[in-house]
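Participant: Could you have a look at this structure, given as structure tokens, before my questions?
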Amino acid sequence: MASPSPGDSLPPVPPGFKISPHDMYQVLGTAMWLGGSSPKFKYETTAEVIKRYADYAWEMRGNLTAEGISEKFGPPVFQAEWLISIFGGKENFAGTTLTIAYQLAPVLPHPANPNVVVPLFISFTIITTLIMALRLWSRYKVAGGIQPFDWLAVAGYVLTVIWGAIAVFHDHINTQWQAFYDKSWYNLAGGLETYYVLTLLYPWVMMVIKLSLLLFYYRMTNWNYIRWSVYATTVIVVGTSVSAFMVWLLKCPHVRYWEYPWELCRINVKKAQVAIAGLYIFTDIIIWILPMPLVFQLKLYPRERILALITFSLGAIACVASCYRLVMLEQYTDYSSQSSTTLIIDAWTITELNLTLICSSAPAVRALAIHYAPKILNSLGTVAFSTQTGTRHGKKGSIGSSTGSSKSSAHARVTADPEK
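Under the UniProt record's numbering, the sequence shown is numbered contiguously, ending at residue 420.
Here it is, written out as structure tokens:
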């Protein structure tokens with residue numbers, strides 16, 4: 001008479017049973033540990049791998065050995081020994097795999113990944129490309145030449161497109177499923193590797209974009225408080241970017257940390273990511289409010305003052321996107337079936353980077369619009385570039401005129417064309 005199978009011997013879970021967060025954590029951890037320790041079955045979903053371990057444990061009557069696991073599933077013997085130890089012994093190891101494979105598997109949720117990365121990348125790439133083209137044309141046509149801060153913005157745009165293209169590949173390698181147990185180790189490892197590359201690249205993309213804005217403000221005026229603010233903010237931006245890169249590069253003993261699950265990482269990555277994102281938001285706010293005193297201290301027509309405030313206030317949109325990205329970092333780096341994906345983080349990062357570029361180009365685009373359609377906009381001033389029609393005798397002027405009237409300094413120069 002054939003011995004009963006695990007499915008016949010183990011009772012099913014009661015109707016309406018819901019998996020607790022603790023049990024879900026255990027299931028997801030088991031999926032990662034067994035998936036990464038079974039090179040012979042790396043193309044099967046980790047749920048199928050867990051079932052293979054359960055069947056093997058049932059066949060061996062719970063008498064699992066490191067040598068047997070190594071021979072059947074492919075890990076080195078020392079890794080198989082580690083695998084048995086993290087479950088608290090071979091009996092617990094066998095019991096855990098049997099419980100997951102034959103009792104919990106039928107009630108596990110199977111959340112799908114959101115299909116947002118590719119549409120966002122395509123949409124923002126088209127929009128940002130158009131905005132950057134208008135920006136460069138504006139500098140050439142209205143201001144008489146493309147300046148260094150514009151070239152920095154172009155570099156930021158190229159890096160943003162590269163980052164988005166890698167995120168699209170990340171979306172592809174992650175498959176349609178969120179939960180670890182619905183993916184193969186091949187896909188899990190590929191997703192971790194791609195996300196690692198994205199995380200290493202992100203601080204440099206953000207740094208280049210922010211430096212383009214800071215250089216623009218630096219060359220726009222000789223007011224000391226703005227220039228010193230630019231110096232201080234530059235130090236914070238560069239320091240944050242270098243720190244973020246080094247944290248991810250050195251957080252674990254090995255760069256490909258997912259291949260060494262028995263090693264403990266030196267840094268709590270989630271806390272580090274949240275702290276770094278908070279510093280970037282802080283610099284976003286500084287960069288957003290930095291030009292505001294210029295608008296309030298110069299004598300401007302009310303309508304022009306409003307337009308200037310609106311133009312520079314667009315930076316608040318990028319700040320909001322950065323805040324949402326921070327929320328997603330907090331939520332989607334948790335260890336649960338509903339948040340074991342980083343694609344939402346990718347989506348908000350694409351949004352943040354592109355909105356920062358778009359908002360930073362708003363003054364130049366507005367100047368181009370005023371140049372070609374002054375009657376439609378009903379304004380002769382320009383926020384971004386000098387028109388040489390400023391106030392020399394106390395008349396009301398605009399930001400961008402060659403000499404502005406300032407309450408703080410009779411000799412202060414305010415011009416968004418640094419070559420003037």
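Glycine included, C-beta positions come from ideal geometry on N, C-alpha and C.
All figures in this text were calculated on a predicted structure; none of them were measured in a lab.
#1: Under 8 angstroms: do the stretch 26 to 46 and the stretch 269 to 285 share three or more Cβ pairs, one atom per stretch?
#2: Excluding sequence positions up to five away, which residues of its chain have a Cβ less than 8 angstroms from the Cβ of VAL117?
#3: Candidates PHE121, THR356, LEU64, ALA373: which alpha carbon is nearest ALA162's?
#4: Rounded C-beta distance between LEU214 and THR233? I'm assuming under 8 angstroms.
#5: For LYS251, which residues in the same chain have their Cβ closer than 8 angstroms to its Cβ, ignoring the five residues on either side in sequence?
#6: Enumerate, from N- to C-terminal direction, the unbroken alpha helix (DSSP H) stretches of 4 or more residues contained entirely within the stretch 107 to 180.
#7: Flag this pair as yes or no: are the beta carbons of residue 481 and LEU326 separated by less than 8 angstroms?
#8: Can you tell me which of TRP288, ALA105, ALA373, TYR196 puts its alpha carbon nearest to the alpha carbon of GLN26?
#9: Can you find the residues in the same chain that come closer than 6 angstroms, C-beta to C-beta, to ALA66, ignoring five residues on each side of it along the sequence?
#10: When DSSP labels each residue in this structure, what does THR199 get in the three-state scheme?
#11: Can at least three beta-carbon pairs, one atom from the stretch 183 to 193 and one from the stretch 232 to 249, be found at a separation below 8 angstroms?
#12: Closer than 6 angstroms by C-beta to TYR181: which residues in its own chain qualify, once you throw out the five before and the five after it? Chain order, please.
#13: Nearest CA to the CA of LEU357: which residue from ALA373, VAL205, TRP137?
#14: For the alpha helix (DSSP H) holding residue 425, just list the boundary residues, first then last.
#15: Which two residues bound the contiguous alpha helix (DSSP H) that contains THR96?
#16: Assuming ALA101 contacts LYS51 (C-beta within less than 8 angstroms), just tell me the rounded distance between them.
#17: Among the candidates GLN178, ASP8, LYS18, SER37, whose CA atom is the shortest distance from the CA of MET107?
#18: Taking the beta carbon of TYR372 as the centre, do at least 16 other beta carbons fall within 10 Å, making it buried, or is it exposed?
#19: Would you mind reading off the limits of the alpha helix (DSSP H) that contains LYS271?
Facilitator: With the given structure in hand:
#1: With a cut-off of 8 angstroms, the stretch 269 to 285 and the stretch 26 to 46 do not count as touching, because too few Cβ pairs lie within range.
#2: Counting from one through the sequence shown, the residue named residue 117 turns up at place 117. Sequence-distant partners of VAL117 (beyond 5 residues in either direction) whose C-beta falls short of 8 angstroms from its own C-beta, in its chain, are ALA167, VAL168, HIS170, ASP171, LEU343, ASP346, ALA347, ILE350.
#3: The residue you call residue 162 lines up with position 162 of the sequence shown. For the record, residue 162 in the displayed sequence is Ile; it is not Ala. Of PHE121, THR356, LEU64, ALA373, the residue nearest in Cα terms is PHE121.
#4: On the sequence shown, position 214 is the one that residue 214 refers to. On the sequence shown, position 233 is the one that residue 233 refers to. The beta-carbon separation of LEU214 and THR233, rounded to 6 angstroms, stays under the 8 angstroms limit for a contact.
#5: On the sequence shown, residue 251 is found 251 positions in, with the first residue counted as 1. Only TYR257, CYS265, ARG266, ILE267, VAL269, ALA272 meet the Cβ criterion.
#6: Correct list: 117 to 141, 148 to 173.
#7: Only positions 1 to 420 of the chain appear in the structure, and residue 481 is not among them; the question remains open.
#8: What you label residue 26 is simply residue 26 of the sequence shown in a count that begins at 1. The candidate whose alpha carbon is nearest that of GLN26 is ALA105.
#9: To locate residue 66, count along the sequence shown from 1; it is residue 66. Only VAL77, ALA80, GLU81 meet the Cβ criterion.
#10: Numbered from its first residue, the sequence shown carries residue 199 at position 199. In this structure, THR199 counts as helix in the three-state DSSP scheme.
#11: The stretch 183 to 193, when compared against the stretch 232 to 249, does not touch it at the 8 angstroms Cβ threshold.
#12: Here the question's residue 181 lines up with position 181 in the sequence shown. Non-local beta-carbon contacts of TYR181 in its own chain, meaning distances under 6 angstroms to residues more than five positions away in sequence, involve ALA31, THR46, ALA47 in chain order.
#13: Walking along the sequence shown from the start, residue 357 turns up at place 357. If we check each option's Cα against that of LEU357, VAL205 comes out closest.
#14: Only positions 1 to 420 of the chain appear in this structure, which leaves residue 425 out of reach.
#15: One-based indexing of the sequence shown puts residue 96 at position 96. Where THR96 is concerned, the enclosing alpha helix (DSSP H) starts and stops at 90 to 99.
#16: One-based indexing of the sequence shown puts residue 101 at position 101. One-based indexing of the sequence shown puts residue 51 at position 51. Rounded, the Cβ-Cβ distance is 4 angstroms, consistent with contact.
#17: In the sequence shown, the residue the question calls residue 107 occupies position 107. It should be pointed out that residue 107 corresponds to Val in this sequence rather than to Met. The residue with the shortest Cα to Cα distance from VAL107 is LYS18.
#18: As a first step, residue 372 must be located in the sequence shown, where it is residue number 372. A residue is called buried once 16 or more other Cβ atoms fall within 10 Å of its Cβ, and TYR372, having fewer, is exposed.
#19: Against the sequence shown, residue 271 aligns to sequence position 271. Element bounds for LYS271: 269 to 289.
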